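Numbering (our numbering), first residue to last: 1217 to 1313.
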């Protein structure tokens, strides 16, 4: 029998992800997500760490979500990161677990 991969709640949307990112990164400007990840101290390596934290917070028992190396980078704005992350989290988990 496969591991539990269901979600108990709704699919995460970009606004919920944006609020989480702003809280995690302590976005002082509160500029509707226009600050870049780099300006908030996230380098390209930190993007993967951030992805993992968002997955843990937003994906109840969802397994197999992996980020494409080119999907996000530190030059992305918070809003773009939230939109991409919500889209990727709403996709079916990868079978390459």
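Beta carbons are placed, not taken as given, at the ideal position from N, Cα and C, and that holds for glycine.
Keep in mind the model is a prediction, meaning the values are calculated, not measured.
Per the Cβ contact rule, the segment 1267-1277 is not in contact with the segment 1248-1257 (fewer than 3 Cβ pairs under 8 angstroms).
Under the 10 Å beta carbon count, residue 1302 is surrounded by 16 or more other beta carbons and is classified as buried.
In the DSSP secondary-structure assignment, residue 1252 is bridged to 1293. In terms of Cβ geometry, residue 1298 and residue 1237 form a close pair [threshold 8 angstroms]. Assigned with DSSP and collapsed to three states, residue 1298 falls in helix. One alpha carbon belongs to residue 1271, the other to residue 1305, and they sit about 8 angstroms apart.
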